[in-house]
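Peer 1:
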């Protein structure tokens, strides 16, 4: 049956326990029972469980010791009140989170997200994904995630500073370079990291550079950290194409988003010879037939904190701004979702397949719904899951931690070389693991299994943890 004739199916049909083996269905049912209403977390867990049947058959010790159940349960869940005062004197109360998910491989590592959508389920889904992502890097880092429902958009620097200081007043007691090392995420950039680090330093009376990553270059930050997630996703995409005897040179590429990940995805794709047509924000998207003008986009988004509509006004006749439809309607060879979770659904996946897409790789965290992933995989599209494809950010954070421990600072070229090798190694690990377990070319299964094995074997070696 052709894609255009397929009957759309409910997304939740792909997350019913009956689609799993009895042992895995029991684990998933328990996750649903113990974490009610946390749909993003349920989705992330299901997407891992549905690939694990051959692993449990080959490694029965994982079942006997309830390894999978333990991996699905965070080691610690922290939730706290964050009171702060705005410039007009009004008092606000937000909620802060930190999920310390797994420390079998090293200190908890993962970003902080400041966005109104943040809730416990969102943070747990991000933390769970981080377990596998961090394991795939090969670095000695565990997994955590955190944030707040605070929205820094439209707030003054003083208001953001006061919020960050209140947030860190509670969170600092749970952090440390050998304990838990946060970084940035959506809504948490260099400004926020600076305020958070300053407050941590004041409260602890320690210059502990390794406690936060994403710092300024002048005070312990790493080269390439800003670019790493976007660069890494493009590098992973390149490796997927090379495994199929293809290349990025001359490919028509669609990118969603216009934040940090999207901007540096565009930059690296263009550097490798791709023709990038699009970027987007929450109000619409740009199609630029001449290719995205990166200097103009950076000026608007990084310098002015403007909207992509401003890009169309200043770019001229080659660019059009679209407020109806979706960026996935634009025909392309490669699609790189780089905005937010569940932005690419089943209908969008069918559109991409009909238009001849050959590779889709996730720059954002879980931007592709389970039904869309299934469509792409069944259509033979090379699909890079976020836990592998966007691991460049946390990999470079790990490199920042190493430089901090050595009181050293590496050049941009050296750091990018290390990032490139890590992304190649991640691709190799996913590709070979998928082959070994009977999923040739399936990077979803490869990433899930390779990540699980590294974490699970460490947990087995450490006893009942």
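Numbering (the working numbering), first residue to last: 103 to 567. All C-beta atoms, glycine included, are put in the ideal place defined by N, C-alpha and C. Computed from a predicted structure; not experimentally measured.
1. Give a yes or no on whether the C-beta atoms belonging to residue 239 and residue 285 are separated by under 8 Å.
2. To the nearest angstrom, how far is it from the Cα of residue 427 to the Cα of residue 386?
3. Excluding the 5 residues flanking residue 203 on each side, which residues of the same chain have their C-beta closer than 6 Å to its C-beta?
4. For residue 194, does the three-state DSSP call read helix, strand or coil?
5. Take residue 547 as the anchor and find which of 475, 511 and 560 has the nearest alpha-carbon.
6. Which two residues bound the contiguous beta strand (DSSP E) that contains residue 211?
7. Would you call the segment 438-458 and the segment 418-427 in contact, with 3 or more CB pairs under 8 Å?
8. For residue 297, does the three-state DSSP call read helix, strand or coil?
9. According to DSSP, simplified to helix, strand and coil, what is residue 508?
10. Decide yes or no for the touch test of the segment 182-191 against the segment 209-217: beta carbon pairs closer than 8 Å, at least 3 of them.
11. Can you check whether the CB of residue 339 is closer than 8 Å to the CB of residue 499?
12. Below 8 Å on the Cβ atoms is my contact criterion, and I expect residue 558 with residue 545 to pass it. Report the Cβ-Cβ distance as a whole number of Å.
13. Just to confirm the assignment, what range does the beta strand (DSSP E) spanning residue 434 have?
14. Report the residue from 391, 321 and 345 whose alpha carbon sits nearest the alpha carbon of residue 355.
15. Taking 8 Å as the cut-off, does the segment 480-492 touch the segment 504-517 (at least 3 CB pairs, one atom from each stretch)?
16. I'd like the ranges of any beta strand (DSSP E) spanning at least 3 consecutive residues and lying wholly in the segment 450-503.
17. So residue 151 and residue 134 are supposed to be a Cβ contact under 8 Å. How far apart are they, rounded?
18. Skipping 5 residues on each side, what residues in its chain have a beta carbon closer than 7 Å to that of residue 287?
19. Can you check whether the CB of residue 201 is closer than 8 Å to the CB of residue 225?
20. Rounding to the nearest angstrom, what Cα-Cα distance links residue 111 and residue 473 in this structure?
21. Report the residue from 295, 489 and 199 whose alpha carbon sits nearest the alpha carbon of residue 525.
22. According to DSSP, simplified to helix, strand and coil, what is residue 547?
23. Rounded to whole angstroms, what is the Cα-Cα separation between residue 231 and residue 149?
24. Return helix, strand or coil for residue 247, following the three-state DSSP convention.
25. Quick one: Cα of residue 360 to Cα of residue 378, how far?
26. With burial defined as no fewer than 16 other Cβ atoms inside 10 Å of the residue's Cβ, what is the status of residue 567: buried or exposed?
27. Which full runs of the alpha helix (DSSP H) of 4+ residues lie inside the segment 319-376, going along the chain?
28. Per DSSP, what kind of secondary structure is residue 179 in: helix, strand or coil?
29. Between 341, 405, 344 and 353, which lies nearest to residue 365 when the distance is taken from Cα to Cα?
30. For residue 374 versus residue 436, is the C-beta spacing smaller than 8 Å?
31. How is residue 240 classed by DSSP in three states: helix, strand or coil?
32. Give every residue of the same chain whose Cβ lies closer than 6 Å to the Cβ of residue 265, excluding the five residues on either side of it in the sequence, and list them in chain order.
33. Mind checking which residues open and close the beta strand (DSSP E) that includes residue 527?
34. Within 10 angstroms of its Cβ, does residue 160 collect 16 or more other Cβ (buried), or is it exposed?
35. Terminal residues of the continuous alpha helix (DSSP H) containing residue 416?
36. For residue 237 and residue 208, what's the separation of their Cα atoms in angstroms?
Peer 2: The answer reads as follows:
1. no
2. 8 Å
3. 176, 229, 233, 245 and 246
4. strand
5. 475
6. 210-216
7. no
8. helix
9. helix
10. no
11. no
12. Not quite, the Cβ-Cβ distance comes to about 20 Å (not below 8 Å), so this is no contact.
13. From DSSP, residue 434 is part of no beta strand (DSSP E); its letter is neither H nor E.
14. 391
15. no
16. 461-463 and 484-486
17. Not quite, the Cβ-Cβ distance comes to about 11 Å (not below 8 Å), so this is no contact.
18. 213, 214, 215 and 249
19. yes
20. Any reading at residue 111 must be qualified, since the residue scores a pLDDT of 41, below 50, and its modelled position is unreliable; the value itself is stated next. So the alpha carbons of these two residues sit roughly 8 Å apart.
21. 489
22. helix
23. 10 Å
24. strand
25. 13 Å
26. exposed
27. 330-345 and 362-373
28. strand
29. 405
30. no
31. coil
32. 186 and 252
33. Looking at the DSSP string, residue 527 is not in any beta strand (DSSP E); the run it does join, the alpha helix (DSSP H), is 514-538.
34. exposed
35. 410-417
36. 10 Å
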